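Q: One structure follows; several queries about it will come next.
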Ligand code: GUN
């Protein structure tokens, strides 16, 4: 078997096309486009690349964007003041503070301060709690993007065995919750798991979000499985690698995501979808 490629780049481009059409219809009817504030603190080069990509995405779908590039020395209180201002800004539907933040700023305090109805990352405890309680609001973007990729396969998820490798707050944990919500039986493995191979071997759906190239061996994959590789690591030559041994896994899986061009573009477009949802659901009455 040679797996079909789950092309996140193409799917994200088609979702952006649909979003732009919806935004143009909104503005043609006299309403405003979604507004997104993107905050970058300091000059981390990877973060700058991500933020520039998000600004480009906003332009492509005709969103209003308010990009703030702040000094790495800004105090936590200073950043909280800016968030407070954006929480009250009636032109802004989504606030994204790019992580990681400098060591003197507590990311939890920052996430807590963002209005949950503007939390387009889906990181606020309120939104995580809604997902736990099976009534998601603004959803964490990477798991949301993965669920859209899974939907794109046309395979029913109900009753499937899913294994998530890696249990970070922003990806692995909410990923397990999304799969549970979709009707899967879910295993979540982590650095203390002794038999990750066994959990991968019986899984119909494998989602790896660790960041260790080649961690998931191709020979572990169950024939016909769907393999989603969230890991992305740059080697010393600048080449990007996923967690999964792509070529070997491709021989066994039914569907597999490439790295790059799989999950990454879907994470970004999910954030745009969250901003649109926030406008429609929370801010379309003109009050905020
Ligand atoms: N840093 C790396 N990925 C992300 C993301 O999806 N959101 C935020 N806020 N920061 C990030």
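Residue numbers (my numbering): -9 to 278.
All residues carry an ideal CB built from backbone N, CA and C; glycine is no exception.
None of the values given here were measured: they were computed from a predicted structure.
In this structure, what does DSSP give as the bridge partners for residue 127?
A: None, per the DSSP bridge assignment.
Q: Does DSSP classify residue 231 as helix, strand or coil?
A: Correct three-state label for residue 231: strand.
Q: With a threshold of 8 Å, establish whether the CB of residue 231 neighbours any heavy atom of the ligand GUN.
A: Checking every heavy atom of the ligand GUN against the Cβ of residue 231, none is found closer than 8 Å.
Q: Taking only runs of the alpha helix (DSSP H) that begin and end inside the segment 95 to 124, which ones reach a length of at least 4 residues, in chain order?
A: The segment 95 to 124 contains these whole alpha helix (DSSP H) runs: 97 to 103 and 115 to 122.
Q: Tell me, to the nearest whole angstrom, how far the beta carbon of residue 85 is from that of residue 108; I am working on the premise that it is less than 8 Å.
A: That pair is a contact at about 5 Å.
Q: In angstroms with no decimal places, state the Cα-to-Cα distance between residue 194 and residue 126.
A: Their backbone Cα atoms lie some 24 Å apart in a straight line.
Q: Short of 6 Å in beta carbon distance, which residues of its chain neighbour residue 134, apart from the five on each side in sequence? Order them along the chain.
A: Once the five neighbours on either side are set aside, the close Cβ partners of residue 134 are 260.
Q: Look up residue 46 in the DSSP assignment and say whether it is helix, strand or coil.
A: Looking at residue 46 - three-state DSSP - the assignment turns out to be helix.
Q: Would residue 69 and residue 39 qualify as a contact pair, given that the criterion is a beta-carbon distance under 9 Å?
A: Not closer than 9 Å, so no.
Q: Could you check if residue 203 is buried or exposed, using at least 16 other CB atoms within 10 Å of its CB as the buried criterion?
A: Under this definition residue 203 is a buried residue.
Q: By DSSP, does residue -4 sit in helix, in strand, or in coil?
A: Residue state, collapsed to three classes: coil.
Q: Thinking C-beta only, is residue 132 closer than 9 Å to residue 249?
A: Not closer than 9 Å, so no.
Q: Between residue 233 and residue 162, is the Cβ-Cβ spacing less than 9 Å?
A: Contact flag unset, no.
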